[in-house]
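Data block below; observations after.
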Amino acid sequence: MSSEFMISNCSCGKKHICSVEHVVIQEGALEEIPRLLHLAEIQKPFLVMDQHTKLAAGDQVVRLLEAASIDYRQYTFPTGDIEPNEHSLGRVMMAFDPHCDFIIAIGSGVINDIAKMLARVSRSRYMIVATAPSMDGFASPSSSMEQEGVKVSLESATAWAIVGDLTILRNAPTRLLLAGFGDMLAKYVSICEWRIAHIVTGEYYCGTVAALTRDALRTCIKNAPKLLLRDTTATKSVMEGLVLSGIAMSYAGVSRPASGMEHYISHLIDMRSLAFGTPADLHGTQVGVGTLVSLKLYEKIRKLQPDRAKALKAAAAFDFSVWAETLRTFVGPGTELMVALEKRDRKYDPQAHAKRLETIISNWDRILAIIDEELPSYEEIHQLMSSLGMPTTVDEVGLEAALLPLAIRCTKDIRDKYMASRLLWDLGELD
Ligand SMILES: [Zn+2]
Ligand SMILES: [Zn+2]
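With the first letter of the sequence shown counted as 1, position 418 gets the number 412 in my numbering; the numbers rise by one all the way through.
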């Protein structure tokens, strides 16, 4: 990948910028770290890692810094399982040396989220040295955290550099490799929903950014059969796809290119896990299952014919305060944010609904055409995931199958994002 992330004359009229300056994904990429640090003109980097990532790459990074006579400080989490919460961030901050002017995170997922928060509060630039291509947050400007026991996405810092050494990445634990692939599968749904939302709610859409993500997904799918063989090209396509997804989100200024209905299924599993202690899995693994759930929903949508009278009747019978009680029992304390959001966005307002419904009815053929263009069949992706040994049902990632219909209904309230569950609600078909 290049080190210039900008599209200046896009047909959508927007100048697309991403503040990531260097992406190095290659064999032996770690060797580039001293050069990058000289380029950044920094005095002293602060390294954050855990016991696993120390073994995977941390020790090697330390040796490279010492060989290049670069002074550094480091904090290594004493245990492997770290939660992205106040306690973990506090531990790193208490160990932070204020003479350090640069953060190097060695890991992926939680280590990346915490180190980005540290980069923000210490006003330092930041480099992620990935140890697994497991999620699409490498280039994103936010951290997925737990605050006061509630799952939140907090503004943090965008990486100045992303380093992915393919020798390390392809030897990552299989479940992490597959989680990254699961997070890439989401892009089928996210692009499809972005286009549908553009029609129904008129929200901003950029075909160039969508195409970038779509191409990266195609490359991942093409190379998928070789993923379990720890093939370099297959690993590279997943890592590049994940980084590119983050860049695409920066370009668009919204999460649309990389996240849709499937991510909300995953959010719900996380929210319930936090509130009620129910099981949960890796982000990308949950998102992969969420993708299958979404594909199934779109196969139902494909067969529908909008019925105006039915849709208006269902909307008139809907009472948000009654629904909020169901949310409270199913989602827990995270519900209050959702209630506040509805007060602001008023997506259930009868007039707003009637307007969306008319747009849906008059554009129904276009919506069906988008679904046909963007989505593979449930069967095709189910087969691919099964052949790789990925979980394919919600039970396997922490949600009882019997609760899935309720979970789908709850997804529409997490944020103001138009997706399959909201389209079904607008049509009076969600229940
Ligand atoms: Zn554009
Ligand atoms: Zn994701």
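Every residue, glycine too, gets a C-beta built ideally from N, C-alpha and C.
### Task
Spatial neighbours of G196 within its chain, please: CB distance less than 8 Å, with the 5 preceding and 5 following residues excluded, ordered by chain position.
none
### Message
I want to know whether the region 226 to 240 touches the region 120 to 137 - three or more CB-CB distances under 8 Å.
### Response
yes
### Query
At which residue ranges does the region 19 to 93 contain complete beta strand (DSSP E) runs of 3 or more residues, listed in the order of the chain?
39 to 44, 67 to 71
### Query
I think A218 touches S239, with their Cβ atoms under 8 Å apart; what is that distance to the nearest whole Å?
Incorrect: roughly 16 Å between the Cβ atoms, too far for contact.
### Query
Is the region 282 to 298 touching the region 161 to 180 in the sense that three or more CB pairs, one from each, lie closer than 8 Å?
yes
### Query
Skipping 5 residues on each side, what residues in its chain have a beta carbon closer than 7 Å to that of Q20?
L160
### Query
Across which residues does DSSP place Q141 in a beta bridge pair?
V144
### Message
Here's the rule I'm using: 16 or more other beta-carbon atoms within 10 Å means buried, otherwise exposed. How should G247 be labelled?
### Response
exposed
### Query
Nearest to F428 by alpha carbon, out of A62, Q68, G52, H16?
Nothing about residue 428 can be read from this structure; the chain reaches only from -5 to 425.
#### Entry: Cα-Cα separation, A166 to I108
20 Å
#### Entry: Spatial neighbours of A89 in its chain, beta-carbon cut-off 7 Å, leaving aside the 5 residues before and after
Y69
### Message
Closest to A305 by C-alpha separation, out of S288, S315, M384, L417, would be which residue?
### Response
L417
### Task
Grab the span of the beta strand (DSSP E) containing F119 for me, first residue to last.
It should be pointed out that residue 119 corresponds to Arg in this sequence rather than to Phe. Here the beta strand (DSSP E) through R119 covers 119 to 124.
### Same chain, Cβ closer than 7 Å to F324, five either side skipped, listed in chain order
L400, C404
### Message
If you reduce the DSSP assignment to three classes, tell me which class A242 lands in.
### Response
helix
#### Entry: Whole-number beta carbon distance between V123 and V157, since they are thought to touch under 8 Å
5 Å
### Query
Are the region 288 to 304 and the region 347 to 365 in contact at 8 Å, needing three or more beta carbon pairs?
yes
### Task
Please work out which residues of its chain come closer than 6 Å, Cβ to Cβ, to R189, disregarding the five sequence neighbours upstream and downstream, and give them in chain order.
I364
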